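Scroll down for the structure; my scribbles are underneath it.
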Amino acid sequence: MKTKLSLISAALLGASLMCAPVISQAAIPQSVDGQQIPSLAPMLEKVTPAVVSVAVSGNKVSRQRVPDVFRYFFGPNAPQEQVQERPFRGLGSGVIIDADKGYIVTNNHVIDDADDIKVGLHDGREVTAKLIGTDKESDVALLQIEADNLTAIKPADSDSIRVGDFAVAIGNPFGLGQTVTSGIVSALGRSGLGIEMLENFIQTDAAINSGNSGGALVNLKGELIGINTAIVAPGGGNVGIGFAIPANMVHNLVQQIIDHGEVRRGVLGVMGRNLDSNLAEGFGLKSQHGGFVNEVVKDSPADKAGIKAGDIIVSIDGKPVKTFQELRAKIGTMGAGSDVELGIIRDGDEKTIDVTLGEASDVKEQAAGSIHPMLAGATLENKDKGVEITNIADGSPAAMSGLQKGDVIVGINRSRIKTLKELKEGLKEHEGGVALKIMRDNSLLYLVLRG
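Just so you know, the sequence shown maps onto residues -26 to -1, 1 to 425 in mature numbering (1 follows the signal peptide of the UniProt record, and there is no 0).
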């Protein structure tokens, strides 16, 4: 039956095509009743030269632990793990943000582990790019090229966009070449998706597919409102749910990479949760938007500024905050030392508090995945004896590594460490598997972190 229906449909389609009149380009009206037909073409002609293709190649290193049974047969000199290198190639997109200096923003996952990065310009030129810096937690990377006659995209204030605003996605899906799709802003402040450690996505129904990563999401003025980064694709294709990193977050991160060569993440020093209906009712609030503060870290910037447990943070620099995850993402992408004005509700009264953000290595590292991927999910804090794990998420890489709340990291391999800064520096020096020396319940043990 299915075959017959297909044949009938094909026959009808063929007949309709045979009967369809051929319309010349000249016959297509350019205006109706004297009014020009709306088109995105003029805007795109100015913007598309700023969106580039990014082609990468390199070798991925995979490590597998050698089973104990093999080590038993081959004796004490048997290798602990098997290391393999596999060549790879990948395609993505990028956005020129500074034409004079040749700066290009893309996603970290586009260029991760790449040995060679080539940028394809709109005019057909191919240029080798230099990696300036990355931030894995927010999935942002900054490249630089040397080329003349570049075009950059002007950034928009992504905090001012609204659900329902028109959005246009520009990128290079499936290596086909530059492609433009359009839609609207479907949602703002999307988080809790498990895509990145710091999530505050713009959601759009503009078609985004594989290869669009790192491309531009622009408004109808041709201003950059976000960097396309991910899609929800249960069947492997576009289903109208794509996500972009807001332009304001990208700007904050890129500026830190330019200034310091790395992201020096700001820290507020609070633990909390989303404001739900039960909490809102208990505090006599009509709105359910904001971040509820469960705990304030002692001697943290929040503590010094006077923020208290039970406060509800509802805005940053006058811009509304809907969830605690949005608060965490915005604070985490601001640089250490940044001055911010927080709007809070305390005992039913609204007030503002000025805070100077601290640095993660000095206060508390709530996004430990930036130190090592197998520490993701742990909250680390400097203590007298070393770096203590003050909290750990169930099912996280840190928990699967065998770490527990209350563990104190006192060493890396044979080296003694006492602070978060020393832990970061020590792990940077050791690629692949490293052994953490842990103090647990007055006993010492070693846990191996795989690269």
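Glycine included, every Cβ here is placed at the ideal spot set by N, Cα and C.
Treat the numbers as computed from the prediction; the structure is a model and nothing was measured.
By the Cβ-count criterion, P12 is exposed, with fewer than 16 other Cβ atoms from all chains shown falling within 10 Å of its own Cβ. Under the three-state reduction of DSSP output, Q177 falls in the strand class. Beta bridge pairing from DSSP links G200 with L191 and P220. Just so you know, the alpha carbons of Q229 and N416 end up roughly 44 Å apart.
The continuous beta strand (DSSP E) containing F140 extends over residues F140 to G145. Within the same chain, Cβ atoms closer than 6 Å to the Cβ of A204 are found at I169 and F217, the five residues on either side in sequence being excluded. The DSSP-derived three-state label of L253 is helix.
Residue burial annotation: M374 is exposed, with fewer than 16 other C-beta atoms found within 10 angstroms of its C-beta. Just so you know, the alpha carbons of P275 and I363 end up roughly 20 Å apart. The three-state reading of DSSP puts I286 in strand, counting E and B together.
Going by C-alpha positions, D87 is about 7 Å away from K34.
Unbroken alpha helix (DSSP H) stretches of 4 residues or longer found wholly inside the stretch 345 to 403: 371 to 374 and 394 to 403, given in chain order. Here E300 carries a helix assignment [DSSP, helix/strand/coil]. Under DSSP, M413 forms a beta bridge with V382 and L418.
D285 places its beta carbon less than 9 Å from that of R320.
Note that the C-beta distance between V26 and H83 is not below 9 Å. The Cβ atoms of I231 and L116 lie closer than 9 Å to each other. Apart from the 5 residues on each side of it in sequence, K359 sits with its Cβ closer than 8 Å to the Cβ of V382, V384, K392 and M413 in its chain, given in chain order. One Cα belongs to G243, the other to N356, and the distance between them is close to 13 Å. The three-state reading of DSSP puts Q10 in strand, counting E and B together.
Close CB contacts of L194 within its chain, under the 6 Å cut and outside five residues either way in sequence, are with F140 (chain order). By the Cβ rule, the stretch 118 to 135 counts as touching the stretch 66 to 79, because three or more pairs are nearer than 8 Å.
Here the alpha carbon of N123 sits roughly 20 Å from the alpha carbon of G151.
Between N183 and the set L423, S67 and Y420, the nearest pair of CA atoms involves S67. Contact annotation, I127 with I71: C-beta distance approximately 7 Å; criterion of less than 8 Å satisfied. According to the DSSP assignment, D328 belongs to the beta strand (DSSP E) that extends over D323 to T330. Between I305 and S289, the alpha-carbon positions lie close to 11 Å from each other. In the structure shown, K260 adopts coil according to DSSP, grouped into three states.
Of the candidates L191, N174 and G163, L191 places its Cα closest to the Cα of T155. Ranked by how close their Cα comes to the Cα of I144, the residues H346, I199 and R238 have I199 in first place. The criterion of a C-beta distance shorter than 9 Å is satisfied by D133 and K293.
Taking a C-beta distance under 9 Å as the contact criterion, S31 and R63 qualify as a contact pair. By the 16-neighbour rule on beta-carbons within 10 angstroms, T307 is buried. Residue pairing by DSSP places P16 opposite no residue, since no beta bridge is assigned to it. Put simply, the backbone Cα of I386 is about 32 Å away from that of N226.
By the CB criterion at 9 Å, E111 and M171 fall inside the cutoff.
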